[in-house]
């Protein structure tokens, strides 16, 4: 008995393309003599289809192409996720295809409706948990959340099964892979079954699926694991001898790097872009973004715009050019001073002197934003945003200025982790990011001698407070109890709350923490709760 | 027996302020000799609190202030919505307060999880439907959605009740008031009970609650109705004689005007703004927005920036000034040509000639956006966005350009309805919007002789197609079947799909149709479904 796990990268809405990929992988698995091949949750529609599910013809289209798969795939049992319409309601379902026919459909029972998930907006719950027999083997099916909610499956599957399949579209965040493997291991042990777990891989807007499909023994040991952040076909022979794999912890900077690289390259390619442009200041954030872009897309697809002003230090400016040279990416230098003085002159009609004011600082950022967008409008490059999570949390950024861009690479990356990613990049390709970039105290360089620490707490202090408030929902009082100063915590919380309006107009970005801004955290803008 | 319906405007998160308001209205009702006073759904927390509900201390705070209400309100029975935590889960509940004590809590049974609603993200369902006795009267409670889902209540309340209360936070859209009153009327008739319906009033980010609380007789006749779009206290004496009220249809332009006015004034005041600034082109959209602002906030709180370019026609420019004069609002004139040529010069480093290109058009819009934001950064005015739904649907607008602003007044208003609102405004204050503004063919004036109809179908054709696609989820084939040309429909659909990325970074705006952009319509950006 050979089972293949097809860890594929589906594209949301590309039902035809996904269908073709499923058939292709089905053939590959058959060629490797697999008896069964399993595909991720909603492999046919892509995940999450969101409000496409409200279109009546979307589920019809799923059915049409599922039949094509059934017709094409003979001589192998195929298990794949699709959107099922039945009796006027939708199910997040899994088709069991055998000998050219859909022989059964399993319907997801536990529908997640928290975090980034909205499944109860669309789907009804299944209520049947069949046991399937193939030759001398028995197996059960489950879809993603089904095995995450408490002891549900452990208690239901009283009869010993030979194996349990779980097909998933389980989004990545730091620590998630270990957490997930722990859950699968416990399930395997409790049910005394092999568990074969097939996860989606790929980036879809703000989320990234890491793949990392796996097979656990009835003793709860990890026997095989598919690639991280890549498509893979894992073929597993139940009859063969298997040594358990040792779990090695992956350092967060590396996991984050890999997630961001995939999230970025998929956003670019799935949205039909080829090239990107980055505003490069010579600071750490844009240095990391442009390096990631060069790794993800190839240096020939990355362009930098260096946009100095009178407040740009010589060393920052030189660093910016050096980074381009190190990466081998092209760049242009467009100064912003003359446009700024042109604004300054014309704005005198309605404003007092703007020199050295917040207005002037924001104008500089907005001129840079306009230049990036003018480049994008002319050549079609996607503008990458470089704002990190610490900044975005506190609103230490200019709306329509440094907040422009189609995709925010560091949107969910706290500043302290940005430094760790920079070090990781320098580990893989030494000398990519100059040491002076890493060492220089962070500054927006929008006025003389400006430092981030003039406006924000030091990042070593800020980031843990932000985590407690944003990711863990701690109250003011609870954070203070953790040992942080009251004034600091109050200031941080009020900055986070007051800048919801900015974030709402910011670019998408890749979720890598347990709670990202975006649909993962749905805060009202009009909100007087301050605790 | 006298019952008071307190149709109040709660503020999300302002639990202390809402508590004080509830107590104040409780006293008012008592003064008018009411035996019972009822308040809207989640009157104490505001609706919808969204992810504030995930904070453990949010529900604790609800409990604390609910006890304060109970303590303060004696001599009247008080029924009000609040967030209840019990056994580690949350309920959308309704407290029955009598003689200083919380005597019972009713938990919402039907939780809406569609459209703008996410209640299953937060709340568990109640499962008890008690019958309450007050003196010789019996009554039942229900919360909003409870009476919207099919025949649920009709079948459950087998025993005849004297009256049924429904407390709601039911968002407005065009036609909703009639739809809602029909549902209440049917419920009253089927249960042969008086139905007393208390709705929230006020604006909260993208939604507006219209109030329009009502009382229906056991024969399904409308006996009393509270104000539309205003706070109100409706006191109803069961013993008195009541003539049914005749339902008069309200014209959409008027309903829309009232909803927008309230949505705007509440967004401004609840977010602690006082003044707004509008970029006034002399076109119909900005003319309607600035008029609405003057009605909603008072002319002294509205400022216009007129920002002509070489492409601005003399008549448009004159109209812009005339509108300010008509409304009595202040304005400044800031030309954009010299900044544009400054950009043009500096961009030569990296771009070819930008004259008469999309890049130049977008730059003009972005310069105007920057000027508005510079004014806002200096004086603290909220920038009002003037984009209408037809434009926003098709992406006929510039990101970070005419899409800037904290709040989009016309975001959910199709262009054809913008004209109707202009006429309505001229009906209430004749001559507000010059006839030349209404008559001139729409143009962005970003190049010589530009017209909207160069890029878009005529609005009379475009708007119905957009409605079918966006609000009604019709497919390409279904829209063509309705009698529209295939090429037209294809073009419209592809514009709507391709511009999801722009809308995601656009300002909030007030929902007035059955499906607005925002959390009402959750579409992936990365999406290859084109049908």
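Chains as they are written, first to last, in the numbering used here: chain H, 1 to 531; chain S, 1 to 531.
Backbone N, C-alpha and C define an ideal beta-carbon position, used for all residues, glycine too.
Closest by C-alpha distance to residue i, when choosing among the options
{"i": "residue 517 of chain S", "options": "S:136, S:76, S:117 and S:389", "result": "S:389"}
{"i": "residue 400 of chain H", "options": "S:438, S:374, S:457 and S:35", "result": "S:374"}
{"i": "residue 139 of chain S", "options": "S:36, S:412 and S:496", "result": "S:36"}
{"i": "residue 104 of chain S", "options": "S:66, S:472 and S:301", "result": "S:66"}
{"i": "residue 81 of chain S", "options": "S:328, S:22, S:254 and S:339", "result": "S:22"}
{"i": "residue 95 of chain S", "options": "S:87, S:86, S:106 and S:88", "result": "S:106"}
{"i": "residue 490 of chain S", "options": "S:457, S:369 and S:266", "result": "S:457"}
{"i": "residue 63 of chain S", "options": "S:4, S:33 and S:97", "result": "S:97"}
{"i": "residue 524 of chain H", "options": "S:320, S:204, S:246 and S:221", "result": "S:204"}
{"i": "residue 164 of chain H", "options": "H:191, H:279, H:149 and H:527", "result": "H:191"}
Min CB distance residue i to chain H below 7 Å
{"i": "residue 99 of chain S", "result": "no"}
{"i": "residue 410 of chain S", "result": "no"}
{"i": "residue 87 of chain S", "result": "no"}
{"i": "residue 83 of chain S", "result": "no"}
{"i": "residue 400 of chain S", "result": "yes"}
{"i": "residue 316 of chain S", "result": "no"}
{"i": "residue 343 of chain S", "result": "yes"}
{"i": "residue 237 of chain S", "result": "no"}
{"i": "residue 301 of chain S", "result": "no"}
{"i": "residue 170 of chain S", "result": "no"}
{"i": "residue 378 of chain S", "result": "yes"}
Outcome for residue i when other beta-carbon atoms lying within 10 angstroms are tallied against a minimum of 16
{"i": "residue 112 of chain H", "result": "buried"}
{"i": "residue 178 of chain S", "result": "exposed"}
{"i": "residue 146 of chain H", "result": "buried"}
{"i": "residue 414 of chain S", "result": "buried"}
{"i": "residue 270 of chain S", "result": "buried"}
{"i": "residue 110 of chain S", "result": "buried"}
{"i": "residue 168 of chain S", "result": "buried"}
{"i": "residue 530 of chain S", "result": "exposed"}
{"i": "residue 248 of chain S", "result": "exposed"}
{"i": "residue 13 of chain H", "result": "buried"}
{"i": "residue 244 of chain S", "result": "exposed"}
{"i": "residue 483 of chain S", "result": "exposed"}
{"i": "residue 472 of chain H", "result": "exposed"}
{"i": "residue 7 of chain S", "result": "buried"}
{"i": "residue 92 of chain S", "result": "buried"}
{"i": "residue 133 of chain S", "result": "exposed"}
Residue i Cβ short of 6 Å to the ligand GDP heavy atom set
{"i": "residue 115 of chain H", "result": "The model on display carries no ligand, and the ligand GDP is accordingly not part of it."}
Pairwise C-alpha distance: residue j and residue i
{"i": "residue 224 of chain H", "j": "residue 236 of chain H", "result": "8 Å"}
{"i": "residue 56 of chain S", "j": "residue 382 of chain H", "result": "40 Å"}
{"i": "residue 175 of chain S", "j": "residue 252 of chain S", "result": "8 Å"}
{"i": "residue 343 of chain S", "j": "residue 339 of chain H", "result": "6 Å"}
{"i": "residue 137 of chain H", "j": "residue 215 of chain H", "result": "17 Å"}
{"i": "residue 194 of chain H", "j": "residue 127 of chain H", "result": "23 Å"}
{"i": "residue 310 of chain S", "j": "residue 445 of chain S", "result": "9 Å"}
{"i": "residue 307 of chain H", "j": "residue 365 of chain H", "result": "10 Å"}
{"i": "residue 455 of chain S", "j": "residue 462 of chain S", "result": "11 Å"}
{"i": "residue 520 of chain S", "j": "residue 77 of chain H", "result": "40 Å"}
is_contact[residue i, chain S] using C-beta, thresh 7 Å
{"i": "residue 311 of chain H", "result": "no"}
{"i": "residue 346 of chain H", "result": "yes"}
{"i": "residue 385 of chain H", "result": "no"}
Using Cβ-Cβ distances below 9 Å, what residues of the stretch 351-374 of chain H are close to chain S? Cβ contacts with chain S come from 351, 352, 354, 357, 358, 359, 360, 361, 362, 363, 366, 367, 369, 370, 371, 373 and 374.
Would you list, in chain order, the members of the stretch 501-531 of chain S that have their beta-carbon closer than 8 Å to a beta-carbon of chain H? Result list: 501, 504, 505, 506, 507, 508, 519, 521, 522, 523, 524, 525, 526, 527, 528, 529, 530 and 531.
To be precise: take each residue of the stretch 111-125 of chain H, compare its Cβ to all Cβ atoms of chain S, and keep it if any distance is under 8 Å. Which residues remain? Within the stretch 111-125 of chain H, the qualifying residues are 113, 114, 118, 120 and 121.
Name, going along the chain, the residues of the stretch 47-66 of chain H whose beta-carbon falls closer than 8 Å to a beta-carbon of chain S. Here the close residues are 48, 49, 50, 51, 52, 54, 55, 56, 57, 58 and 61.
Could you run through the stretch 202-235 of chain S and flag, in chain order, every residue whose CB is less than 7 Å away from some CB of chain H? Result list: 204 and 205.
Using a Cβ-Cβ cut-off of less than 9 Å, give me the residues of the stretch 258-272 of chain H that come near chain S, in sequence order. From the stretch 258-272 of chain H, only 266, 267, 270 and 271 have a Cβ closer than 9 Å to chain S.
By the 8 Å beta-carbon criterion, what residues does the stretch 7-18 of chain H contribute toward chain S? The stretch 7-18 of chain H vs chain S, Cβ under 8 Å: 11, 12, 13, 14, 15 and 17.
If the cut-off is 7 Å on Cβ atoms, which residues from the stretch 282-296 of chain S count as contacting chain H, listed in chain order? Legend: CB atoms of the stretch 282-296 of chain S lying less than 7 Å from CB atoms of chain H are not found in any residue.
The stretch 324-339 of chain H: positions lying closer than 8 Å to chain S by Cβ: Flagged, chain order: 332, 333, 334, 335, 336, 338 and 339.
Taking a Cβ distance cut-off of 9 Å, strictly less, list which residues of the stretch 465-477 of chain H are near chain S, in chain order. Listed by position, the residues of the stretch 465-477 of chain H near chain S (Cβ gap below 9 Å) are 473, 474, 475, 476 and 477.
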